[in-house]
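First the structure, in the form of structure tokens, and then the observations on it.
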Amino acid sequence: MSELHITVNGQARAAAAGTTVSALLASMGVDPTRVAIERNEEVVPRTTWNAAALAEGDRLEIVSFVGGGSDAPAAADDVLVIAGRTFHSRLLVGTGKYRTIEEGREAIIRSGAEIVTVALRRVDMTPGKPNVLDTIDRKRHTLLPNTAGCYTVEEALRTCRLARELGMADMVKLEVIGDPQTLFPDSEATVAAAKILVKEGFVVLPYCMDDPIVARKLEDAGCAAVMPLAAPIGSGLGIRNPYNIRIILERAKVPVIVDAGVGTASDAAVAMELGCHGVLMNTAIAEAKDPVLMAEAMRDGVVAGRKAFRAGRIGRKLYANASSPLGGLIE
């Protein structure tokens, strides 16, 4: 039999013969660390998922913890999936530039972000000096090492390999900077580094120009997402070229995450209304007058923009179109 007919959470589904529980979860974009599985009313131990092959007629229940009380702010079926991993927040945040570690910790929590970027730097030998990792709940957040400050392919590769040695996951944010004033990425070097990292098993999320051709080359290289800038890093100018972003979105088969240049919540909302799958930011939150409050605003802006995109805006018209019917007017 080349195809199995199974039931998952009450819905019929087909699977290739020989599919394991782990393979099924991956094909559905389900994060295996957050679920438990029952097959034919018997719990499937997590340690057997890689070897547990499905059989014709299997009935599976895939369950996870949810918060009690009100409904979740986002639809359960509207999630961000990167390389098979599922995230419920579409806001990604950085850890730099905060006035204090405590302020950064609280802002990250209030943002609702699940993916948090961290930069790799030499260890400060000062005894007892706190480390940014001390403030991040590894059970709540996925750490995304980035190659910030790297200007060559070799520097970026070294940084990613060291991050892996530190016990980080294989998902990395790739930056290869080409100009110290604008901090624009070196497109050629970014593509070259991405190809090597993908071959080494990394899940690569590259920072790139808002260039559809470069985005395509990065996707062809095997990157799990593309991350075009909105504007120069830390500039707060918002999306300067929405038309290129739209072209990238039309052509990409991987998530498109706007990275760099966002200034306020309306910028985040605009990115999401265009159809972007997520937004990554640091300066806009960390250097706000009230970073914690801005983190909340950015969270809400991303959610509102995503809802507006899914709802579908009305078309633009040159002239008025009355909301009230004209029939039955008093004469």
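When we follow our numbering, the leftmost residue of the sequence shown carries the number 5, and every step to the right adds one. Glycine residues also receive a C-beta, built at the ideal position from the N, C-alpha and C atoms. Quick caveat, the model's predicted, so the values are computed rather than measured.
Proximity to residue i [Cα-Cα], best of the options
i, options, result
"Thr91", "Gly98, Val83 and Val97", "Per the sequence shown, the amino acid found at residue 91 is Phe instead of Thr. The residue with the shortest Cα to Cα distance from Phe91 is Val83."
"Val218", "Val230, Val208 and Val207", "Val230"
"Ala21", "Ala30, Leu170, Val120 and Ile10", "Ile10"
"Ala299", "Asp263, Ala272, Pro36 and Gly316", "Ala272"
"Arg109", "Met302, Gly316 and Ala290", "Ala290"
"Ile66", "Thr51, Leu166 and Asn44", "Asn44"
"Asp190", "Met175, Pro210 and Ala173", "Pro210"
"Leu241", "Thr268, Arg255, Ala292 and Gly309", "Thr268"
"Gly182", "Asp141, Pro236, Gly282 and Gly171", "Pro236"
"Asp81", "Val195, Ala19, Arg314 and Ala40", "Arg314"
"Val195", "Arg17, Phe188, Leu170 and Lys221", "Lys221"
"Val262", "Val180, Val274 and Ala198", "Val274"
"Ala59", "Leu8, Ala18 and Gly100", "Leu8"
"Pro184", "Ile252, Leu170 and Tyr155", "Tyr155"
"Gly316", "Gly279, Glu223 and Met302", "Gly279"
"Thr287", "Thr163, Val266 and Gly171", "Val266"
C-alpha distance - residue i paired with residue j, whole-angstrom precision
i, j, result
"Ala312", "Val85", "20 Å"
"Glu107", "Pro295", "8 Å"
"Lys321", "Ala27", "49 Å"
"Val97", "Leu201", "23 Å"
"Arg115", "Ser6", "With the sequence shown as reference, residue 115 is identified as Ser, and Arg is not the correct amino acid for it. Using only the alpha carbons, I get a separation of about 46 Å."
"Val306", "Asp215", "23 Å"
"Asp35", "Arg244", "34 Å"
"Asp128", "Arg94", "Since pLDDT at Asp128 reaches only 46, below the 50 mark, its modelled position is unreliable, and no value is offered."
"Gly33", "Ala87", "8 Å"
"Val120", "Leu284", "9 Å"
"Gly226", "Leu161", "16 Å"
"Met175", "Arg89", "10 Å"
"Val70", "Val157", "Unreliable placement is indicated for Val70, whose pLDDT of 31 sits below 50; the coordinate value is still reported in the next sentence. Using only the alpha carbons, I get a separation of about 42 Å."
"Thr186", "Ala234", "13 Å"
"Asp304", "Thr52", "40 Å"
"Val25", "Ala292", "46 Å"
"Ser239", "Gly319", "31 Å"
"Ala264", "His145", "20 Å"
"Arg310", "Lys177", "23 Å"
"Pro77", "Glu118", "Per-residue confidence for Pro77 stands at a pLDDT of 47, beneath the threshold of 50, marking its modelled position as unreliable; no derived number is given."
"Glu339", "Tyr247", "The displayed coordinates of the chain run from 5 to 335. Any statement about residue 339 would go beyond what the structure contains."
"Ala173", "Ala308", "30 Å"
"Arg17", "Ala193", "43 Å"
"Ser74", "Thr163", "Any reading at Ser74 needs caution, since the residue's pLDDT is 35, under 50, leaving its predicted position unreliable; the model's value is listed next. Distance between the alpha carbons of Ser74 and Thr163 is about 43 Å."
Exposed unless 16 or more other CB atoms sit within 10 angstroms - verdict on residue i
i, result
"Leu336", "Because the chain is modelled from 5 through 335, residue 336 falls outside the range shown and cannot be assessed."
"Ala326", "exposed"
"Lys143", "exposed"
"Val47", "exposed"
"Thr104", "exposed"
"Ile112", "buried"
"Gly61", "exposed"
"Thr23", "buried"
"Thr37", "exposed"
"Ile249", "buried"
"Ala57", "exposed"
"Pro49", "exposed"
"Pro232", "buried"
"Tyr102", "buried"
"Asn13", "exposed"
"Ala324", "exposed"
"Ser54", "The displayed chain sequence assigns Asn, not Ser, to residue 54. Flag for Asn54 reads exposed."
"Gly171", "exposed"
"Gly282", "buried"
Cross-strand partners of residue i (DSSP beta bridge)
i, result
"Gly282", "Ile261"
"Asn150", "Ala123 and Lys177"
"Phe91", "Leu84"
Q) Counting Cβ pairs, one atom from each stretch, are 3 or more of them under 8 Å apart for the segment 140-156 and the segment 114-124? A) yes
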